[in-house]
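For the record, in the sequence shown the residue sitting at position 249 is 1501 according to our numbering, with numbers rising by one throughout.
All residues carry an ideal CB built from backbone N, CA and C; glycine is no exception.
This one's a predicted model, so the numbers in the text were calculated from it and none came from an experiment.
Scroll down for the structure; my scribbles are underneath it.
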Amino acid sequence: MKSPTLLLLIALPMLGLAQTKPEPRNFLVNGSFESFLPADNLWDGVDGGGYLAGARGGSDVISERGAVESVPMAISVQAGDLNADGLVDLLTVDMEGYFRVYFNSGTKTEPKFTTCEMIPIYLARLDWLKRRLAMKACLYDLNRDGTLDLVLGSYGGEIMMLRNTGSTRVPEFRQPFPLETILVRTSKSGNLWGNVFAPAMWEWTGTGKADLLIGEGSYSANAIHLLVNQGNTTTPRFNEERRYYLAYGDGREQLVPAVVDYNGDGEPDLIVGDRKGTLNVYLSDGPWNSDKELKFATTIACGTVSSFNGCIAPAVADLNGDGLFDLLIGKTNGRIAIAYNRGTKQEPKFDTPVELKGEDFWGRGTIRNPSGWAVDFGTFKGNIYGYVTVVKQEEEPKEGSYPDGKHALKAGYLPPLNKIIRYAPLVLPAYGAAAGPADLAIAPNAVSPLWDPLQAVTAGFNTDNNMVIVRKVLENTAVKPGVEYALSFKVKGRGVKDAHWHLSYRGSLKRSESRITERVGRGVRMQHDVANEALGQEADFTVGTGWTTVARNLTFKFVKEPVLNKPEGLKNGPAPNYWLGLEIRATLNPGDGVFYLDDVKLVEANAAR
């Protein structure tokens, strides 16, 4: 017989196990943001490798296969003295529509670039349909006041001129509103006649007025066009009456021109970048007239490099003070390469290109994307210096303990690095109608893994630029209709308003296979029997300086299609598919608002009790 003491020792561990209640299943995986991946923080204009860089991306153009496809586009780069210190500075426009200036802190013979200063303008936000995310820039003193102005070309075939309202030492470019104030007509009617425009300005016709050169297109008929200025220096005027083919692309596409005297004969020539990454030279043979076109002369080899294997945007400048022009090349990886000219004025010869380096001020680890979540804080809305990241508790000891684990999600603003360019937070209103709760009633083909990372960006397009959006979309979720669930999350912050959550649940049941009902020419009309219904629950919440819990018990029950309430499906038929989407939004004070989110859970209500 066992002693009472031994029985007690055996029973105590068993009693402890019996009293330990397992954690209920959280359908919102990684709700405490313990899993994440690092990403580049490009507000300093330098990527994690230490290279000058902007955001990468692509635009839909006609590919060589004849299909409309997204093709990687090059960052646009220009060179000029923007602060009157005698040194060549760099200006870039990246694929997300952000303008950066890298002021040269080196010497006339040894340039040095560290971090960028952001120009507080954003033009792509104003009209998504015009596709201003692939802009190409040109720096030119349009009104002869000693300051460099901006001339821009867009994907949609627009030309914009934005005047520098600052001084020679302190450039200033102000946000235009409405955008029409900077649009320049290139036809009498105002209709657009090309796309993927890349502008250059030059007194090409010898009249003393700046004429407009445009590289264009995404198909084989591309060309460099010359639009003769029919106005004056202050108010240029262009239209089709004096638009000429200056140089033919001869099958080259996405042409980006740079004007330079290539062979030292005193005449302006062209260096043209294209989609395949080649630098092509077109030479003038004397003063221009309307019957002349520039003939292709050669393709530039930079050391051993004759092609960059992707779209490029070239620019020219003497960066080392030797009296010879050097080549700057904007690339599809968001970086800028330089090829120094080691030849003569009559016969240029270029080194192998080297990507320019800077100083990664914040480091690669400052932005951490939470695994399984889509987040956005105005990426395509001009929310300059705004960021959303997973933050570690030890990085902010003054903030106190996080509710769950060692991490939380944080949205806020980085301190501006601007020292020369005057900076103020850019506040842009929502474009078009405000997005409503139906935003999360997502069609089945919109929640594939391919598109999920974009959901927060697209969901927030019709909102103010200082709204943070956190989103999770689950396909074929295990959440069942008719079951009560408990949604909860914890928040805190400063300068936060208009906070709102929305949970959407969608069911879809394909009752029959698709069948052809009619033949129309070479196409057909298809018919199938599908049951669809989307349900949603939502509420506002408040954010204070201390952690608070937002909670709601909810049940989803389909009304229009009761069959969707049967997850097992039809008798001898298919089972429904379900999609679940959670979105949390909050608007932050521009420049200083901060928002924390942690411990996001969706569990069965009975299990949570």
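Own chain, CB closer than 6 Å to residue 1529, minus 5 neighbours either side, in chain order: In the sequence shown, counting from the first residue as 1, residue 1529 sits at position 277. 1559, 1560, 1561, 1562 and 1564.
Burial state of residue 1631 (16 or more Cβ within 10 Å): What you label residue 1631 is simply residue 379 of the sequence shown in a count that begins at 1. So residue 1631 ends up on the buried side.
Quick one: what's residue 1554 bridged to in DSSP? Indexing the sequence shown from 1 puts residue 1554 at position 302. Bridge partners of residue 1554: 1557 and 1602.
What's the gap between the Cα of residue 1432 and the Cα of residue 1451? Working through the sequence shown from its first residue, we reach residue 1432 at position 180. Working through the sequence shown from its first residue, we reach residue 1451 at position 199. Approximately 18 Å between the Cα atoms of the pair.
Any beta strand (DSSP E) of 3 or more consecutive residues that is wholly inside the region 1317 to 1344: 1320 to 1324 and 1328 to 1332
Going along the chain, which residues of its own chain have a beta-carbon closer than 6 Å to the beta-carbon of residue 1322, five neighbours each way excluded? Taking the sequence shown and counting its residues from 1, one reaches residue 1322 at position 70. So the qualifying residues of the chain are 1310 and 1312.
Considering only the alpha carbon of each residue, which of 1281, 1622 and 1401 lies closest to residue 1335? In the sequence shown, residue 1335 corresponds to position 83, counting from 1. Of the candidates 1281, 1622 and 1401, the one whose C-alpha sits nearest the C-alpha of residue 1335 is 1401.
Rounded to whole angstroms, what is the Cα-Cα separation between residue 1480 and residue 1582? Position 228 of the sequence shown, counted from the start, is the residue given in the question as residue 1480. Position 330 of the sequence shown, counted from the start, is the residue given in the question as residue 1582. When rounded, the distance between both Cα atoms is 27 Å.
Looking at residue 1708 and residue 1626, is the spacing between their C-beta atoms short of 8 Å? Locating residue 1626 in the sequence shown gives position 374, where the first residue counts as 1. Locating residue 1708 in the sequence shown gives position 456, where the first residue counts as 1. Closer than 8 Å, so yes.
For residue 1442 and residue 1489, I'd like the C-alpha separation in whole angstroms. The residue labelled residue 1442 in the question sits at position 190 within the sequence shown. The residue labelled residue 1489 in the question sits at position 237 within the sequence shown. Near 12 Å, if we compare the C-alpha coordinates of residue 1489 and residue 1442.
At the level of alpha carbons, what is the spacing between residue 1671 and residue 1657? Position 419 of the sequence shown, counting from 1, holds the residue named residue 1671. Position 405 of the sequence shown, counting from 1, holds the residue named residue 1657. Looking at the two C-alpha atoms, the distance is approximately 39 Å.
Do you know whose CA, among 1740, 1678 and 1367, lies nearest residue 1374's CA? Working through the sequence shown from its first residue, we reach residue 1374 at position 122. Nearest option by C-alpha distance: 1678.
What did DSSP end up calling residue 1359 once you bin it into helix, strand or coil? Along the sequence shown, read from residue 1 onward, the residue named residue 1359 stands at position 107. Three-state result, residue 1359: coil.
Per-residue burial, residue 1492 [other beta carbons within 10 Å of its own, 16 or more giving buried]: For the purposes of this step, residue 1492 is taken as residue 240 along the sequence shown, with counting starting at 1. It is exposed - the Cβ of residue 1492 has fewer than 16 other Cβ atoms within 10 Å.
Within this structure, are the beta carbons of residue 1392 and residue 1453 separated by less than 8 Å? The residue you call residue 1392 lines up with position 140 of the sequence shown. The residue you call residue 1453 lines up with position 201 of the sequence shown. Yes; because the gap between Cβ atoms is below 8 Å, this pair is in contact.
Could you give the first and the last residue of the continuous beta strand (DSSP E) run that contains residue 1476? Translated into positions along the sequence shown, residue 1476 becomes position 224. 1475 to 1479 is the span of the beta strand (DSSP E), which, as asked, contains residue 1476.
Does DSSP put residue 1386 in a helix, a strand or coil? Taking the first residue of the sequence shown as 1, we reach residue 1386 at position 134. Residue 1386 falls in the helix class under three-state DSSP.
Could you check the C-alpha separation between residue 1858 and residue 1276 for me, to the nearest Å? Locating residue 1858 in the sequence shown gives position 606, counting from the first residue. Locating residue 1276 in the sequence shown gives position 24, counting from the first residue. Cα to Cα, residue 1858 sits roughly 9 Å from residue 1276.
In terms of residues, what are the limits of the beta strand (DSSP E) holding residue 1308? Walking along the sequence shown from the start, residue 1308 turns up at place 56. Element bounds for residue 1308: n/a, residue is neither H nor E.
Just curious, the beta strand (DSSP E) that residue 1788 is in, first and last residue? One-based indexing of the sequence shown puts residue 1788 at position 536. Residues 1782 to 1793.
Please name the residue, chosen from 1326, 1654 and 1496, that lies closest to residue 1852 on a Cα-to-Cα basis. The residue labelled residue 1852 in the question sits at position 600 within the sequence shown. When only C-alpha atoms are compared, the closest one is 1654.
Please report the Cβ distance between residue 1346 and residue 1302, rounded to the nearest whole angstrom; I am assuming they are in contact, meaning their Cβ atoms lie under 8 Å. What you label residue 1346 is simply residue 94 of the sequence shown in a count that begins at 1. What you label residue 1302 is simply residue 50 of the sequence shown in a count that begins at 1. Going by Cβ atoms, the distance from residue 1346 to residue 1302 rounds to 17 Å, so no, they are not a contact pair.
Ends of the beta strand (DSSP E) at residue 1831? For the purposes of this step, residue 1831 is taken as residue 579 along the sequence shown, with counting starting at 1. 1829 to 1840 is the extent of the beta strand (DSSP E) around residue 1831.
Identified DSSP bridge partners for residue 1847: Reading the sequence shown from its first residue, position 595 is the one you call residue 1847. For residue 1847, which the question treats as bridged, DSSP gives the partners 1663 and 1745.
With a threshold of 7 Å on Cβ separation, who are the neighbours of residue 1849 within its own chain once the five nearest residues in sequence on each side are excluded? The sequence position of residue 1849 within the sequence shown is 597, counting from 1. Same-chain partners within the cutoff: 1660, 1661, 1722, 1741, 1743 and 1836.
Every unbroken beta strand (DSSP E) inside the region 1488 to 1538 [3 residues or more]: 1495 to 1500, 1508 to 1512, 1521 to 1525 and 1531 to 1535
Taking its Cβ as the centre, do 16 or more other Cβ atoms sit within 10 Å of residue 1711, making it buried, or is it exposed? On the sequence shown, residue 1711 is found 459 positions in, with the first residue counted as 1. Buried, because 16 or more other Cβ atoms sit within 10 Å of the Cβ of residue 1711.
Considering just the uninterrupted stretch of the beta strand (DSSP E) at residue 1801, what are its terminal residues? Along the sequence shown, read from residue 1 onward, the residue named residue 1801 stands at position 549. Taken as a continuous stretch (DSSP letters only), the beta strand (DSSP E) holding residue 1801 covers 1800 to 1807.
Under a Cβ-count criterion, where at least 16 other Cβ atoms within 10 Å of its own Cβ denotes burial, should residue 1384 be classed as buried or exposed? Against the sequence shown, residue 1384 aligns to sequence position 132. Answer is buried; the Cβ neighbour count reaches 16.
Check whether the region 1274 to 1293 and the region 1593 to 1602 are in contact - that is, three or more C-beta pairs closer than 8 Å. no
Beta-bridge pairing of residue 1856 - partner residues as DSSP gives them: To locate residue 1856, count along the sequence shown from 1; it is residue 604. In DSSP, residue 1856 forms a bridge with 1737.
Per DSSP, what kind of secondary structure is residue 1296 in: helix, strand or coil? The sequence position of residue 1296 within the sequence shown is 44, counting from 1. Helix, per DSSP.
Is residue 1513 closer than 8 Å to residue 1555 when the C-beta atoms are compared? As a first step, residue 1555 is located in the sequence shown; it is residue number 303 there, counting from the start. As a first step, residue 1513 is located in the sequence shown; it is residue number 261 there, counting from the start. No, these two residues do not count as a Cβ contact at 8 Å.
Report whether the distance from the Cβ of residue 1333 to the nearest heavy atom of the ligand GTP is below 7 Å. Inclusion of the ligand GTP in the displayed structure is not the case, the ligand content being empty and no account of it being possible.
Give me, in chain order, the residues of the same chain whose beta-carbon lies closer than 7 Å to that of residue 1536; leave out the 5 immediate sequence neighbours on both sides. Residue numbering aside, residue 1536 sits at position 284 when the sequence shown is read from its first letter. Once the five neighbours on either side are set aside, the close Cβ partners of residue 1536 are 1519, 1520, 1521 and 1546.
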